[in-house]
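Everything on this sheet refers to the single structure shown next.
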Amino acid sequence: MARLANLIFEEKKIETISPLDLDEKFAKGWRHFGKYFFRYNMNIHENQICQVLPLRIDLNEFQFSKKHRKIVSRAKGFKSIIRPTSIDEEKEVLFEQHKTKFKQSVPNSIYDFLSEEPATIPCQGMEVSVYDNDKLIAASFFDIGEHSISSIYGMYDLSYNKYSLGIYTMLVELEYSISHLKKYYYHGYCYQIPSFYDYKKRFAGVEYFNWNGLWLNLEG
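Take 32 as the starting number for the sequence shown in this note's numbering and just add one per residue.
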């Protein structure tokens, strides 16, 4: 049972942040949407108070699973582009379509997650865009730290659900992280109880933050 006596809830607005300072924030359990930085160790899920577990992947321990290789293979007919983050009408339309999958905590706008200048504010931001011919079918957004990368948000055309494009864009981000010699890939959080976020646990090398300054092997 989560103990409210140990409740952590912190937030702050940061206009710009250096890559090294960004790494430090991530390593202490912080995340951010645009200029809004936050961390909290408790939440309510399905009427239960539960602990929030920030997650990251130690890239020295990561390897593609058989399922991951199948997802990449299925997407070979699509074109994937990595570039500085920008938001246009095509991405906003995709966002509106994708958000219909959510039953609760439905976001209002893509700018709930990104600043108005997402390529540079509050830090360097990049995107993965996936096309079926000329049609945008998936996109994800991530931050660049000095030694780490942090995934922010991913979205995809729901009519392409069989391709697991949400996982696919994460795998593209992971490949980018490894090729750029990063140490860690931060990919959000999960709960101490079963939830929608459990798919984030299914990667080799996953660690969780224990809120006492330590990152521990999730399987340990």
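Even glycine gets a Cβ: it sits at the ideal position worked out from N, Cα and C.
Asked	Found
C-alpha gap between Lys-134 and Ile-183, whole angstroms	20 Å
Sequence-distant residues of the same chain with beta carbon closer than 7 Å to Ser-226, five excluded per side	His-76
The beta strand (DSSP E) enclosing Val-137, as first and last residue numbers	Segment: none, Val-137 is in no beta strand (DSSP E) and carries neither H nor E.
Cβ-based neighbour list, Leu-90, same chain, cut-off 8 Å, excluding 5 preceding and 5 following	Leu-205, Ser-208, Ile-209, Lys-213, Lys-214, Tyr-215, Tyr-216 and Gly-236
Beta-bridge partners of Leu-11, as assigned by DSSP	Nothing can be reported for residue 11, as the shown portion of the chain is limited to 32 through 251.
DSSP-derived helix/strand/coil call for Asn-192	helix
Simplified DSSP assignment, three categories, for Gly-65	coil
Proximity to Lys-232 [Cα-Cα], best of Ser-96, Ala-150 and Arg-100	Ser-96
Whole-angstrom C-beta distance between Ile-113 and Pro-149, which should lie under 8 Å	Contact doesn't hold; Cβ gap of about 14 Å is too wide.
Residues near Ala-169 by beta carbon distance below 6 Å, same chain, minus five either side	Val-161, Tyr-187, Leu-196 and Thr-200
CA nearest to the CA of Glu-238, picked from Phe-57, Lys-193 and Phe-64	Phe-57
Beta-carbon separation (whole angstroms), Asp-143 vs Phe-64, contact threshold 8 Å	6 Å
Rounded separation between Ile-45 and Arg-62 - CA only	12 Å
Inter-residue spacing [alpha-carbon to alpha-carbon] between Lys-166 and Tyr-191	12 Å
Nonlocal neighbours in the same chain, by C-beta distance under 8 Å from Leu-189, ignoring five residues either side	Gln-128, His-129, Thr-131 and Lys-132
Cut-off 6 Å between Cβ atoms - residues of its own chain near Gln-155, not counting five sequence neighbours on either side	Ile-175
C-alpha distance - Pro-85 paired with Asn-37, whole-angstrom precision	16 Å
Length-filtered (4 minimum) alpha helix (DSSP H) runs lying within the region 166-229	196-210
Residues that DSSP places opposite Leu-86 in a beta bridge	Tyr-239
Three-way DSSP call (helix, strand, coil) for Asp-163 in this model	strand
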